[in-house]
Amino acid sequence: MDSPSLSSSPFEALQGVTDQAQSLRTEQIDRSKLLYFNMVKTFNRICEQLDEKNGVDCHPMLKQIEKMVEILKQDERILMGLAQAPQSYIERMSEKISHPEVVFYGINTMIYALQIATSLGFPTDKINYLGMAALLQNVGLLQIKTAPVKKKSEDIIHHLRKSTEHSNEYLNLINIEGFHRESLEAIINIIQSRETVLDQTSLHDTLQQYAMVIHICNVFVYLTHQRESEKLISPTDAMKIMRGEMKDFFHPEVIKLFFNKLSIYPIGTFVKLSSSEIGKIVGVNENYLMRPIVLIVLSPDKQVMTSTKRVDLRKNPNIYIRKSIVDDELTERFIDYF
Amino acid sequence: MQSDKTQVLIIDDSPEIVESLTVFLKQLDCKVFTAKNGEEGLALARIKNLSLILVDIVMPGMGGEEVLAKIKRIFPETPIIMITGYRDEDLAKKCMEIGAYDYITKPFDFEYLKTSVLSTLLCT
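Residue numbers (the working numbering), protein chains in the order written: chain A, 1 to 338; chain B, 339 to 462.
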């Protein structure tokens, strides 16, 4: 990257840097969104083919997973924000999704799983398996045409396990050149086997680790994406549910890992501060889960901010997060803000 | 037999605050220890395997800020939540710089406190 010209005035030099940063930022936003929407289209069509019991080439999906890992390593914020976006927005920007539980939830689960895996430094050559398994884990739900979304957490686990009965028949229709499909099937089968997921002795086994990460991401997506419930579940509520009534379904170390890596206020989610301002989470302070970095989007009187105001809650301890907000309109309106 | 409950220490000179926090933490299934001053708190911190410590900032004798610094030197990984009835921005910032996990003012917003406590237990 070229440095600003030495002959330019300090203002011009600064302006040059700002323009460059703005241009990079716009490029990053466009790249992330394009990938996400293309992924929705590709996977949607794959699922339509699978639903017709036709064989399908998943190699294009693998290429997109590789790109996603690359973007997440550079700047995860837009993809994390998109993983929170309402289905209606995603459909408007891509196309009508035939099987939301498989396509929409699958892609978002994959984003969370890949984000955790990249932050843990999982080997690059193996991370594609985790991504593909996260994406395809619920493919068996294609068989269940009237998939009910239940409010109770136990019902969610039970519902997801129904996928087990049918997943292999769909996985057999998938072709990915140069990809070890048996490993993929093994991960998905572990995810869907209650006994093995709960087996606390094999945490260090690679496939088991992948399965545990995907399983917890999937349940988190399910909890936080439900729109049929009377009360929408925020990531913080999900943390309380997963640590409370659902704790027996997860290895305790995996719950810790999950919330430490994604935080209980994940990037891209919205919060109301004690100052009555509404903000979007744009950064986390590792090991200080209650004190992320917030970009204020609405003033206390609900006016859109005219200038950029970021609050690092660790440096401003007198301000705190009063509550998480689940609001599809806010998410969509400020999708490009970070 | 060793209890597998999460062990939490409250260091505060106000019996009313200690009482309300104890009831609250027990509802979260924690085993609670209490100390009415910094010295007593430090002694307990040395012998108990604690997952979380709540420290009042203003106490007679050793102040909360000093207690925080001393515990952090011995147990840098243990999360410490500072609690205070006074809004002092500089002191709040200083506590966060020393390594406090969170800073909560009285009267407590118990929903926030619950989230904060549960989140610390995810770190330990």
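Built from N, CA and C at the ideal position, the CB exists for glycine as well.
- In this structure, the alpha-carbon of A:S276 lies about 28 angstroms from that of A:R25.
- By DSSP's assignment, A:N175 forms a beta bridge with A:D57.
- Taken through DSSP and simplified to helix, strand or coil, A:S324 comes out as strand.
- The continuous alpha helix (DSSP H) containing A:L79 extends over residues 77 to 82.
- Counting the other Cβ atoms within 10 Å of the Cβ of A:H158 gives fewer than 16, which makes it exposed.
- The alpha carbon of B:F371 has as its nearest neighbour, out of B:M400, B:S358, B:L429, B:Q345, the alpha carbon of B:Q345.
- Of the residues A:T331, A:I78, A:L313, A:V254, the one whose Cα lies closest to the Cα of A:S274 is A:L313.
- The beta carbons of A:E48 and A:S98 sit closer together than 9 angstroms.
- The C-beta of A:R243 comes closer than 9 angstroms to at least one C-beta of chain B.
- Using a Cβ distance threshold of 9 angstroms, A:N318 and A:L289 do not count as a contacting pair.
- Residue environment: B:A381 is assigned as exposed (fewer than 16 neighbouring CB atoms within 10 Å of its CB, all protein chains considered).
- In the structure shown, A:V254 adopts helical secondary structure according to DSSP, grouped into three states.
- Spanning the alpha carbons of A:L72 and A:P123 requires a straight line of approximately 14 angstroms.
- Within the region 410 to 451 of chain B, the complete beta strand (DSSP E) segments of 3 residues or longer fall at 418 to 422, 440 to 443, listed in chain order.
- In the same chain as A:V326, and ignoring 5 residues on each side of it, the C-beta atoms closer than 6 angstroms to its own belong to L232, S234, in chain order.
- The DSSP-derived three-state label of A:V103 is coil.
- Under the Cβ criterion of 9 angstroms, A:M290 is counted among the residues facing chain B.
- Counting along the chain, the unbroken beta strand (DSSP E) around B:Q345 starts and ends at 344 to 349.
- Between the region 387 to 395 of chain B and the region 410 to 425 of chain B, the count of C-beta pairs closer than 8 angstroms reaches three or more; the two stretches touch.
- Apart from sequence neighbours up to five positions away, the residues of its chain that approach A:L298 with a beta-carbon distance below 6 angstroms are I278, ordered along the chain.
- With a threshold of 9 angstroms between beta carbons, B:T372 makes no contact with chain A.
- Cβ contact annotation for A:Y320 (same chain, cutoff 6 angstroms, sequence separation greater than five): S274, in chain order.
- In the three-state reduction of the DSSP assignment, A:G283 falls in the strand class, which pools E and B.
- Proximity of chain B to A:F259 at the Cβ level (cut-off 8 angstroms) is accounted for by S457, L460, in chain order.
- Between A:I278 and chain B, the shortest Cβ-Cβ separation is not below 9 angstroms.
- Flagged as an interface residue toward chain B: A:R322, by a C-beta distance shorter than 9 angstroms.
- Put simply, the CB of B:R384 is far from chain A, with every gap to its CB atoms at 9 angstroms or more.
- According to the DSSP assignment, B:D394 belongs to the beta strand (DSSP E) that extends over 390 to 394.
- A Cβ-Cβ distance of about 6 angstroms is found for the pair A:T331 and A:P86, placing them in contact under the 8 angstroms criterion.
- Boundaries of the beta strand (DSSP E) harbouring B:A373: 368 to 373, taken from the DSSP string.
- A contact is defined here as three or more CB-CB pairs under 8 angstroms, and the region 98 to 111 of chain A meets this definition with respect to the region 32 to 48 of chain A.
- Burial is judged here by how many other beta carbons sit within 10 angstroms of a residue's own beta carbon; A:P300 has fewer than 16 and is exposed.
- Following the DSSP letters along the chain, one finds A:D155 inside the alpha helix (DSSP H) bounded by residues 153 to 162.
- The region 102 to 114 of chain A makes contact with the region 203 to 218 of chain A; the number of CB pairs closer than 8 angstroms reaches 3 or more.
- Under the three-state reduction of DSSP, A:R333 is assigned to helix.
- Under a 10 Å Cβ-count criterion, A:R243 is classified as buried, with 16 or more other Cβ atoms of the shown protein chains found around its own Cβ.
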